[in-house]
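Engineer: So that we are looking at the same thing, I have put the structure below in structure tokens.
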Amino acid sequence: MPKATTTDISLTKSYIPKVSKIPGISPTIAQFYKPIENRNIHEGRVVDQAYYKSNNIERLFTNIRFNCLFQINKTIVPRFILDFYSQVMVQTDEYDYLVISFMIQHEFITLTLAQFGQILKIPYNGQAVFTNEWDLASLEYSRETEGPYCTDLPTPDDIRRLLELERVMVDRTIKSQTVSLNPNQILTKELSPDMKQWEELIRENVFGLGGHREHLPASLAHMLYCVVAEEQYNLAYFFVKRIQCARATPTANLPYGMFLTRLYRHVMETYPHLDNGIYDIVDRVMRPLALKQTRQPRSDRGKARIVV
């Protein structure tokens, strides 16, 4: 993906409404919006058909219902995203099932994880774990050991073996100091060329932009494992945990812009009195995720040559 596309997210500032500055808004309401409206929105990327038709992406992703990641193609509803993130809460019910609640205008809305997954059209069953860490060992530390989301996870050895990772370097230089990588710290360059393309698609629509893109996050390695092993993965669980994390992190981008358009449609159909004209719908500013063309030697002109 061209480096310039990593700056797309800053373009969302052009359409994020300054709700806190609306004349007559109460200071209390304004305080809910101020921390949110100064952030960027990570819309996610529409995925070009040639991209997901290549390298077995369509077949393998469909097997575990990850085809939702390349079938998303929605406009953006900035004010609804701000309404959602300004008050969203994640809790558990008496049976330890996750519940996501938020306020839209004066309507308090509560959804179970299954309902949330159904509305967003993402899988809500399967392996469930959330961590922001790089080290594969963090998966075991982060998993729930009892309750409905208790998951038997693959070991770091299982993940490395199934992904056929090849260690390309042991030492790295960080801030002029040599740092040794442990076997559970994976670099994206250690993935096969095909798998790098899978990694890019998942990162763009599940994780977002920014961060150390040369690192393979533990959760992303786990998702790739599930793709190869054809193990169902609870994407709704990851979404809700990441939403909770973004809500609590003052500088985090607001994720899942296109997916939240599906939630907006559901809310407006269920509570039609909320559709009062304040929700402007805008076009995306992030460019599609597409295969990249490279310049070819003169003798190869006329032949398709795609790299990722």
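Counted the way full-length UniProt numbering counts, the sequence shown spans residues 1 to 308. We put the beta carbon where it would ideally sit given N, CA and C, even for glycine.
#1: Spell out the partners DSSP gives Val90 in its beta bridges.
#2: Looking at Tyr225 and Leu162, is the spacing between their C-beta atoms short of 8 Å?
#3: Please name the residue, chosen from Phe84, Ala114, Glu94, that lies closest to Ser101 on a Cα-to-Cα basis.
#4: Within this structure, are the beta carbons of Arg39 and Asn253 separated by less than 8 Å?
#5: In angstroms with no decimal places, state the Cα-to-Cα distance between Glu200 and Lys53.
#6: Please state whether DSSP places Thr270 in a helix, a strand or coil.
#7: Checking the sheet assignment: what are the DSSP bridge partners for Gln232?
#8: Going by CA-CA distance only, name the one from Phe238, Tyr124, Gln31, Tyr271 that's closest to Arg203.
#9: Which value, in whole angstroms, describes the spacing of the CA atoms of Cys245 and Asp8?
#10: Does the stretch 63-83 come close enough to the stretch 272-287 to have 3 or more Cβ pairs within less than 8 Å?
#11: Here's the rule I'm using: 16 or more other beta-carbon atoms within 10 Å means buried, otherwise exposed. How should Glu43 be labelled?
#12: Taking Cβ to Cβ, would you say Leu98 is nearer than 8 Å to Val240?
#13: In angstroms, rounded to a whole number, what distance separates the CA positions of residue 309 and Phe259?
#14: Using three-state DSSP, classify His215 as helix, strand or coil.
#15: Specify the secondary structure class of Val206 as computed by DSSP and reduced to three states.
#16: Using beta-carbon positions only, say whether Thr12 and Ile36 come within less than 8 Å of one another.
#17: Specify the secondary structure class of Ile72 as computed by DSSP and reduced to three states.
#18: Please name the residue or residues paired with Glu107 in a DSSP beta bridge.
#19: Tell me the rounded alpha-carbon separation between Glu190 and Leu165.
#20: Pairs of beta-carbons, one from the stretch 143-160 and one from the stretch 256-275, closer than 8 Å: are there three or more?
#21: Let me check one thing: in DSSP terms, what residues is Ile41 bridge-paired to?
Structural biologist: Considering the structure as presented:
#1: Your numbering for residue 90 matches position 90 in the sequence shown. Beta-bridge pairing links Val90 to Ile100.
#2: Residue 162 sits at position 162 when you count from the first residue of the sequence shown. Residue 225 sits at position 225 when you count from the first residue of the sequence shown. Yes, these two residues count as a Cβ contact at 8 Å.
#3: Along the sequence shown, one-based indexing puts residue 101 at 101. Of all alpha-carbon atoms in Phe84, Ala114, Glu94, the one lying nearest the alpha-carbon of Ser101 is that of Phe84.
#4: Within the sequence shown, the letter at position 39 stands for residue 39. Within the sequence shown, the letter at position 253 stands for residue 253. Less than 8 Å divides the Cβ of Arg39 from the Cβ of Asn253.
#5: Counting from one through the sequence shown, the residue named residue 200 turns up at place 200. Counting from one through the sequence shown, the residue named residue 53 turns up at place 53. If you take the alpha carbons of Glu200 and Lys53, they lie about 14 Å apart.
#6: On the sequence shown, residue 270 is found 270 positions in, with the first residue counted as 1. In the displayed model, Thr270 falls within a helix according to three-state DSSP.
#7: Within the sequence shown, the letter at position 232 stands for residue 232. Beta-bridge pairing links Gln232 to no other residue.
#8: Taking the first residue of the sequence shown as 1, we reach residue 203 at position 203. Looking at the Cα atoms, Phe238 is the closest of the given residues.
#9: To locate residue 245, count along the sequence shown from 1; it is residue 245. To locate residue 8, count along the sequence shown from 1; it is residue 8. When the Cα atoms are used, Cys245 and Asp8 turn out to be separated by approximately 22 Å.
#10: With a cut-off of 8 Å, the stretch 272-287 and the stretch 63-83 count as touching, because enough Cβ pairs lie within range.
#11: As a working note, residue 43 is residue 43 in the sequence shown. So Glu43 ends up on the buried side.
#12: For the purposes of this step, residue 98 is taken as the residue at position 98 of the sequence shown. For the purposes of this step, residue 240 is taken as the residue at position 240 of the sequence shown. Remark: C-beta atoms of Leu98 and Val240 approach each other more closely than 8 Å.
#13: Absent from the model: residue 309. The displayed extent of the chain is 1 to 308, so no value can be given.
#14: The residue given as residue 215 occupies position 215 in the sequence shown. Strand, per DSSP.
#15: The residue labelled residue 206 in the question sits at position 206 within the sequence shown. Secondary structure of Val206 (DSSP, three-state): helix.
#16: Taking the first residue of the sequence shown as position 1, residue 12 is located at position 12. Taking the first residue of the sequence shown as position 1, residue 36 is located at position 36. For the 8 Å CB-CB criterion, Thr12 and Ile36 do not form a contact.
#17: As a working mapping, residue 72 is identified with position 72 in the sequence shown. The answer is coil: DSSP assigns Ile72 none of H, G, I, E or B.
#18: For the purposes of this step, residue 107 is identified with residue 107 of the sequence shown, where counting begins at 1. Answer by DSSP bridge pairing, in chain order: Ile104.
#19: As a working mapping, residue 190 is identified with position 190 in the sequence shown. As a working mapping, residue 165 is identified with position 165 in the sequence shown. Spanning the two alpha carbons is a distance of roughly 6 Å.
#20: As far as the Cβ criterion goes, the stretch 143-160 does not touch the stretch 256-275, which means the pair count is below three.
#21: The sequence position of residue 41 within the sequence shown is 41, counting from 1. Ile41 is bridged by DSSP to Leu254.
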